[in-house]
Structure formats: C-alpha cells, structure tokens
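Structure first, then comments.
2 protein chains.
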Amino acid sequence: MNPFATHFDSLEEFADRVSEVLQCPITIEDANHRLIAYSTHEHYTDPARTATIINRRVPEKVINSLWREGVIPKLLSNSEPIRVEMISEVGLGNRIAISIWKNKEVLGFIWAIEMEQTWTEEQFELLKQAAKAAKNLLLQLQIRKHKKEERIQEFFWKLLTGHFSSHNDIIQQCHVLNIPVYPFSSVVIFHFKQEIQPQVERQIDYLLKTTQQLAVPLYTIDHHRLTLLAAPKSNANAQADIKRFLRSFIAQMNERFRIEVTDGAFGSIYECYTKIEKSYKEAQTVLNMKRAFSHDLGNVQSYQELGMYQFFDLLLEKKRDGDFYNETLEKLKQYDNRHHASLVKTIETFLDHDSNVNETAKALNIHPNTLAYRLKRIAEIGEIDLHDMNQKVKLYIDVKLAKYEASH
Amino acid sequence: MNPFATHFDSLEEFADRVSEVLQCPITIEDANHRLIAYSTHEHYTDPARTATIINRRVPEKVINSLWREGVIPKLLSNSEPIRVEMISEVGLGNRIAISIWKNKEVLGFIWAIEMEQTWTEEQFELLKQAAKAAKNLLLQLQIRKHKKEERIQEFFWKLLTGHFSSHNDIIQQCHVLNIPVYPFSSVVIFHFKQEIQPQVERQIDYLLKTTQQLAVPLYTIDHHRLTLLAAPKSNANAQADIKRFLRSFIAQMNERFRIEVTDGAFGSIYECYTKIEKSYKEAQTVLNMKRAFSHDLGNVQSYQELGMYQFFDLLLEKKRDGDFYNETLEKLKQYDNRHHASLVKTIETFLDHDSNVNETAKALNIHPNTLAYRLKRIAEIGEIDLHDMNQKVKLYIDVKLAKYEASH
DNA sequence: ATTAATTTTGTGGATTTCCACAAAATCATG
DNA sequence: CATGATTTTGTGGAAATCCACAAAATTAAT
Chain P
1 MNPFATHFDS LEEFADRVSE VLQCPITIED ANHRLIAYST HEHYTDPART ATIINRRVPE
61 KVINSLWREG VIPKLLSNSE PIRVEMISEV GLGNRIAISI WKNKEVLGFI WAIEMEQTWT
121 EEQFELLKQA AKAAKNLLLQ LQIRKHKKEE RIQEFFWKLL TGHFSSHNDI IQQCHVLNIP
181 VYPFSSVVIF HFKQEIQPQV ERQIDYLLKT TQQLAVPLYT IDHHRLTLLA APKSNANAQA
241 DIKRFLRSFI AQMNERFRIE VTDGAFGSIY ECYTKIEKSY KEAQTVLNMK RAFSHDLGNV
301 QSYQELGMYQ FFDLLLEKKR DGDFYNETLE KLKQYDNRHH ASLVKTIETF LDHDSNVNET
361 AKALNIHPNT LAYRLKRIAE IGEIDLHDMN QKVKLYIDVK LAKYEASH
Chain C
409 MNPFATHFDS LEEFADRVSE VLQCPITIED ANHRLIAYST HEHYTDPART ATIINRRVPE
469 KVINSLWREG VIPKLLSNSE PIRVEMISEV GLGNRIAISI WKNKEVLGFI WAIEMEQTWT
529 EEQFELLKQA AKAAKNLLLQ LQIRKHKKEE RIQEFFWKLL TGHFSSHNDI IQQCHVLNIP
589 VYPFSSVVIF HFKQEIQPQV ERQIDYLLKT TQQLAVPLYT IDHHRLTLLA APKSNANAQA
649 DIKRFLRSFI AQMNERFRIE VTDGAFGSIY ECYTKIEKSY KEAQTVLNMK RAFSHDLGNV
709 QSYQELGMYQ FFDLLLEKKR DGDFYNETLE KLKQYDNRHH ASLVKTIETF LDHDSNVNET
769 AKALNIHPNT LAYRLKRIAE IGEIDLHDMN QKVKLYIDVK LAKYEASH
C-alpha cells in the first residue's frame, strides 16, 4: 500500500524512491533550506534546483521570492502539499512542495518539479505519504545535530569570553567540531524586544542559515540577545556587508515573523580568532552606548562608527576618580541653575550640529541671532574660545560624559 | 669706637640703635625684602616704609621700581652704601641703602631715610659698620631657617607624592613647621634651560619671596625643575592670577638674572591639601604634553587649558593594547603612502583651524579650492562625514594620538 | 613619449554666515 | 510695579563660504 514503508539506508535512497514513484525530480531540504538529499534520475531540472544542488542550499533570492509569494508561510502553516507557480526571474519552474512535520515543528521540505502533465489527486496523496515517511529519517539527523550543537555552543562562549589564547588552537577546534573557518570575522549582537522563546529560536536559525550576505558559523541565544559570529565575504566592503546584513535581518524578523529586534551592533572585523573576544566586547560597547545615547547614535551600528564614544567607558572611570573636571562646563551649569537658562543644552546642540548656527537654531527653535547671542555668552561665561577645536572637543566630550555618568 | 660692638638681644634693639646713631628711621630687610626689623623712634616716615612695615614686606611695585632704577642690582653687586633718589610714584622718599654680606652672599639690606640734611661721609661710614654688625645677627636667623628648610623640603615632597591621606594631618603639620595655610592651592612647575645651580636658587628664592601676586608657601628645586605650591589670593580669578604669575616669573628670571626658563605649567586648583598630589601630576602632564605638542600647546599653561590632551596618557595606554584602531585614519595614511599625498596633514591642519577652509588653506599654502578638493577626497577615501562632530572628534584625537605615540 | 587620471588653481555667482544696531520681550529685584 | 539688566527677535549690509565649471599642471602607467 504505502510505497515508503520500508527501510532506507540513506536519505538519498529515499529521495530516489520518491522520485521513482512520482516520476519527477525530488529535492529534500531541512527547515533552513539546506539541501539534505536529491534524486538522481534523469529528468528535466530547473535552474533553481541546479543552483540549490551545487551550493547545497537554496539560493537566497529564491527564498526571498518564495517568501514574497507567500509560499513558505503557507508551507509553515500546514502540512498540505501546494502547487507553486513558476517564478522565472529566479529560475524556478512549476513545483509542488510539502512540509515535513514533527509535532508542531517543521523539519524540512520536499520539492517536486511538476513535469508536463499536471498532478493527479493520487500523486498529491503519495507526496503526503512521502512527507510522513521523511519525518523519521530527518529526526535522526536532528538528534545527531542537537548533541553537537551543545558542544558548539560551549565552544562559542569560550571564544567570546577569551578562553583561548592561540589562533591555531581555535582553528583546530573548529575543524574537530566541523565549524567552517573564515578569514575575517566580527561579532554581531541583536537585542530583541521580547525574551527569545524556543519557537523564535527556530526562526532565527532559519534566517541565519538562509542568509547569504555573509556566513554565520556560530551563534548563541540568551535572554533578549542573539550573539553571532559573522564572516563577511570579502574584506573590501566588510563593514558595509555586515551593515546590510543587520538591516535585512531586523527587517526580515519583523516582516516575516513579526518579531521586533530593538537593536543590532557589531564589533571590529578581525582576522585572528583570538580577537573575537575583543570584537564581542566592542559590540557590547556599541549597544551600551546606543542605549545611553540613543539620540546621538541612532544610526550607528559598528564600533568604528561609535567614534569618540569608543572611549567613554574608560573616561567615565577616570572621571569618577575626580579627574578632568571641566571648569567651562561647571560654570555653564552654574549659570543655568542660577538663571534657569539652558546654555549647556545650547552648546551641546551647537556642537552636535558641527558648529553650524542655522542648523542649531532650527533644532532649538530659536532665532539664529538668539543663538549667536547665547554663544557669545557661553564664550564669556565659560571662558572658552569656540573657534578652538581642542577646547570644543574637551567640552563636547565632557558634556556627553556628564550625561553618560548620569545615566549610569 | 664702633657704636655697634655690643650685644643686642634682638634685631629690633639693633635697629633702634642704628636709628639713634644716624638720627633717621631705619628698616632692615632680608634678601627677599621681607621686613626683619625697624626702628621705632619718632621720625618722618615715607609711605613706602609704612606699607613695608604694615605688610611685613616691601610692596612689589616698590621692588619693581628699584629693579628698574638699577638700585637693587647695584646693592647686590657690592657692599657700599648708595643714595636712592625719591621715587614718588611708589611713595619712596630719599633713601640710603646698603647690603649686608656674608662671604659672597647678600643676607639682607639696611634702609635709612635721608632726612633734611644730606649725609656726611661719617654717616656713610657708620652705616657700613652697622651693616657689618647686622651680618652676625642675620646669620643666626639664616641658620635657624636652614635647618627648618630641610624638614620643610621633605614635607613638601611628601605632599607632592601623596604621602598624606588626611587634610587635617597636613594642616597640623603645616602649623608645626610654621608653613602658612591657604584655602586654594595649585602646583606649579617651571622647567629651566640649565640645571639649577645654587646661586640661581637664591635668585629663585628671591623672586618667589618677593612676589605678591600669590603666596608660595612651599617650593623645591631639583635638576632643571622648580616645583612650587601656589596659593592664589581669591578663587575668582585664580587661574588668571597663576597665569600672570607664570608669565612674570619667567620674564623676571630672564630680565633680571638672564636665566632662561623654558616652560611653566600648573595643575588644577584644589581646596583640599590631599589633592596636591593630583595637582602635581596634572602639572607634570601639562609639561609632558607641551613637549609632545609644542606646536599645538604653545600658549597652554594650565591643566584646564590642556583640553582633550588631558586624557592622552590614558588613551595611549589603550591604543597600545590595540584598541580603537581608526579605519578612516588608516585609509588616509595608506593613500598618503601610495600616492605620496598629504591627506593626513591636511585634515589635521583643517581640524586645527576649526574646520575653517580659508585659514587652513593659508596655513598649508594652498589655494582654498585645492583644500576643498582634498577635503572631498578625504571624505570619500576615509568614508567620513566632515560635518559630523563625533567623527571629527574621533579622527582629531586619533591623529594627535598617533603623533603622541610616535613621540614616545 | 603619450595618454589618462588626478590634482591644483582660477572665475563667477548663489548662498550663507557674520556683525552691528535697535526694538521688543522677559526677567530679577527691591 | 517700576526699573534696569538680560535675553530674544528683527533688519540690512559686508564678508565669507560654497559650488559648479573649466583650464592648467602634475603624476602614473603603459
């Protein structure tokens, strides 16, 4: 009765059997669109399938199209086979697809290419049986993977916390754990609005496994945070690549799964794996600073872009020791208190806007001349020369530092 | 024969005796123009003398006049009495003055006011005898002072190196050593071109004791450096007061004694005596930074004015750890090397001149449009927004820091 | 040596900034 | 609440900055 009720030695054998029964090419993917097995009978194959087999994963643009078309959401919501119309822009022919379920979780997909004739009810029924049969085969894979996962997680945390001191040791360890090694990497942290629940983890895993903007050899989740190692393809536009990845990850989490990612940040890009710890700390610094200076650092994602805020932790420490007290700032604060004025706010905004009078006036909703007058007063009261870069830098840092101190 | 060849219980008694013999008011000062004794017979007294007695020191403007008139140089060069013409601007009447010598050192001065009749040869002779007699009396004072000096020196070094942790302990110690206590103080360091020789020490002592711009309760000399505690009169213009003192000290050392003081600097002004250590470190930092950034910090004397350079030591340390590597700066350096251009110099000068195109162009001897072009290139190559204060600050600091690192 | 790319300098005009002055509004204080 | 001091806003013109374009000079690379 059921043509798949026998033992299969491998998934490949299974794929071939399904292909034989249904008389069409078959591809089996895991939940992250990685290729698990494919049939090898001689049949017509569309370009999307060829690419998938060569790369051992579904090309990202194909995945994106399938999301846009609503195919994947449908597959994730029920276990019925569906017909997928050709999407010629990405080389996808007419297909039939079905998801493979274990309890309420999707383990993977079976794709069949629809040949000349449209499918009969019987064929659909057979495919459903195949999906059921695939479940057990896939489960074994899952379990194997799961055990390995834990060791990998531990390894990643060791990397993040600077447990290893030799690059070569790390590389060797990667080989043992079968973690791919890349020449450049940077630590990325995403902060989620809600604590990350197990079902969200699957969606994160999905996005990370499917993205092709960069490789994500390692990631870990705890509480609100997703921390991952990102390996950009080239060194040339590495920064830009990671930035793009951040943007699209946040957008996709939101669009596809309605999961809000509050913030994302990444550290410098290093070649040596021992620097992962540093990159991790940098990424954390970026997040901390963004929290303290959301207004100033709204568009900042990388440690490089943090600019002077890079050394705020360090400076705050010294400031706490009572070092660099700023006479100018104190005088301005004093004046503000005594006359409930807002010279500090004024100078801060002025410096925020690169000493541009008009922009600053607009930002403060005051007449440019008013600003000019205030600046004259600031120069007098604070005994500062507003055309002296050194003095301005010191004041700017001290103003921001005072805010930072207040927020800590 | 010699009317002074008896024992005197005190210098006051001596002064009265001289006054009696010469029939005129007598004032005795030490080498630093501090009042040591004065006669109390009823005689006419000029305003300068009154002021001297009230303040227990010769008013600074009087000292300055006497220097300008060449009186004091003459007194310091030989032991003959000289006639000093009236200087009415400073309330000085006609005087006769003589210096008191021990070996080749001047211990002090005797001043006599010339009454109606001009002095006879005999009177001059008597004054010379008085000066000789004063020597022994003054010597006792010197010796007493000298022993105390050593303990005071040690105490000062303890203050500078943070040996005490309680303000009250320090104050008490000051009382024991008879060191006056002031509400505000700051550590000042002068760097001399030549190593400071013993005879120069006397001249330093002289200047410090006679200055009235501020009090100098403690000072110490080693090698090229004079380190002192400066107590400004009021808190209001304390900074300005100390700055004026620095300027005039350096000028006077040069004008009066032809001694070159290369540099002077001072730390923050603190109320608590335990902060003297900090002020000392700050003053040292100022000197160090001025050496490294002579071009940028030519006019800087105080820690406050150091601005962002205040935290360069700290930053350099971190930089050495490989933290904050600046992508922009590296790219510009790279470009400079590859094309022997001078983008780094250009941006540095630009920022030095507060982002003013015209000034910068002038400083670099290039056409303003050339500068504009270079800035456009810098923005492109360094991927920096030259209207973003944060980025500019970071770059500015990194440029200067790179220089600092190179110089260390 | 030639060519292409890059850099420097020049010109003119639109725009913005800077300043001085004055009037109006607001604030502080007795 | 009256008064003077301080702050805000308005106006107009001189000065500067910015920008686009083009020519000249320099440099790099074949």
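Protein sequences, first through last, are from chains P and C.
Taking the numbering used here, the leading residue of the first sequence gets 1, the next gets one more, and so forth.
Taking the numbering used here, the leading residue of the second sequence gets 409, the next gets one more, and so forth.
Using N, Cα and C, we set each Cβ at its ideal position, and we do this for glycine too.
Check: With a threshold of 8 Å on Cβ separation, who are the neighbours of P:N178 within its own chain once the five nearest residues in sequence on each side are excluded?; Outcome: K148
Check: Please classify P:E89 as buried or exposed, where buried requires at least 16 neighbouring CB atoms within 10 angstroms.; Outcome: exposed
Check: So with CB distances below 7 Å, who are the chain P contacts of C:V669?; Outcome: Those do not exist, as C:V669 stays about 24 Å from chain P at its closest Cβ, beyond 7 Å.
Check: Does the separation of the CB atoms of C:F674 and C:I658 fall below 8 Å?; Outcome: no
Check: Can you confirm whether the segment 65 to 80 of chain P touches the segment 96 to 116 of chain P when touching is taken to mean that 3 or more C-beta pairs between the two stretches lie within less than 8 Å?; Outcome: yes
Check: Select from the segment 284 to 304 of chain P all residues with a C-beta closer than 8 Å to any C-beta belonging to chain C, and list them in chain order.; Outcome: D296 and Q304
Check: Would you say C:F719 reaches chain P, if we count a Cβ-Cβ gap shorter than 8 Å as a contact?; Outcome: yes
Check: Would you say the segment 592 to 601 of chain C touches the segment 620 to 639 of chain C, given that touching needs at least three Cβ pairs under 8 Å?; Outcome: yes
Check: Could you please tell me which residues of the segment 606 to 620 of chain C, in chain order, have their CB closer than 8 Å to any CB of chain P?; Outcome: none
Check: Whose Cβ in chain P lies nearer than 8 Å to the Cβ of C:E735?; Outcome: Q239 and Q304
Check: Which partner residues does P:Y270 have in the DSSP bridge list?; Outcome: P:S185
Check: Do you know offhand how far C:Q561's Cα is from C:R491's?; Outcome: 38 Å
Check: Buried or exposed: which applies to P:H7, given that a residue is buried once 16 or more other Cβ atoms fall within 10 Å of its Cβ?; Outcome: exposed
Check: Is it a yes or a no for the segment 156 to 168 of chain P touching the segment 32 to 51 of chain P, going by three-plus beta-carbon pairs under 8 Å?; Outcome: no
Check: To the nearest angstrom, how far is it from the Cα of P:A133 to the Cα of C:E735?; Outcome: 54 Å
Check: Identify every run of the alpha helix (DSSP H) within the segment 249 to 322 of chain P, keeping only runs that are complete inside it and at least 4 residues long; order them along the chain.; Outcome: 276 to 292, 303 to 306 and 312 to 320
Check: Let me know the alpha helix (DSSP H) ranges lying completely inside the segment 100 to 185 of chain P, each 4 residues or longer, listed in chain order.; Outcome: 121 to 160 and 167 to 177
Check: Using a Cβ-Cβ distance under 8 Å, would C:L759 count as near chain P?; Outcome: yes
Check: Give the range of the beta strand (DSSP E) segment to which P:K38 is assigned.; Outcome: Looking at the sequence provided, one finds Tyr at residue 38 of chain P rather than Lys. L35 to Y38 is the extent of the beta strand (DSSP E) around P:Y38.
Check: Counting Cβ pairs, one atom from each stretch, are 3 or more of them under 8 Å apart for the segment 702 to 720 of chain C and the segment 384 to 392 of chain P?; Outcome: yes
Check: Taking 8 Å as the CB-CB limit, is P:D354 close to chain C?; Outcome: yes
Check: Return the first residue and the last residue of the beta strand (DSSP E) that P:Y396 is part of.; Outcome: Element bounds for P:Y396: not the beta strand (DSSP E) but the alpha helix (DSSP H), M389 to A406.
Check: Could you pull out every residue in the same chain whose Cβ sits closer than 7 Å to the Cβ of C:A812, ignoring the five residues on either side in sequence?; Outcome: The identity of residue 812 of chain C in the sequence shown is Tyr, whereas the question assumes Ala. Within the same chain, C:Y812 has close Cβ partners A700, F720 and L724.
Check: Along chain P, which residues have their Cβ under 8 Å away from the Cβ of C:F732?; Outcome: Q310 and F311
Check: For P:L139, is the classification buried or exposed, using 16 other Cβ atoms within 10 angstroms of its Cβ as the cut-off for buried?; Outcome: exposed
Check: Rounded C-beta distance between C:L737 and C:Y743? I'm assuming under 8 Å.; Outcome: Contact flag wrong, Cβ pair sits at about 11 Å.
Check: At the level of alpha carbons, what is the spacing between P:R256 and P:S248?; Outcome: 11 Å
Check: Using DSSP bridges, identify the partner residues of C:F653.; Outcome: C:F653 is not bridged to any residue.
Check: In chain P, which residues lie with their C-beta within 7 Å of the C-beta of C:L722?; Outcome: L314 and K318
Check: Counting only beta-carbon separations shorter than 8 Å, does P:Y396 have a partner in chain C?; Outcome: yes
Check: What residue from P:D16, P:K104 and P:P232 has the CA that sits closest to P:A130's CA?; Outcome: P:D16
Check: Would you call the segment 457 to 467 of chain C in contact with the segment 633 to 643 of chain C, where contact means no fewer than 3 C-beta pairs closer than 8 Å?; Outcome: no
Check: Based on the DSSP secondary-structure assignment, which residues constitute the bridge partners of P:F190?; Outcome: P:L226 and P:G264
Check: Distance, Cα to Cα, P:K128 vs P:Q213?; Outcome: 34 Å
Check: Whose CA, out of C:L616, C:E609, C:M523 and C:Q647, lies closest to the CA of C:F592?; Outcome: C:Q647
Check: Looking at C:G501: is its Cβ nearer than 8 Å to the Cβ of C:D438?; Outcome: no
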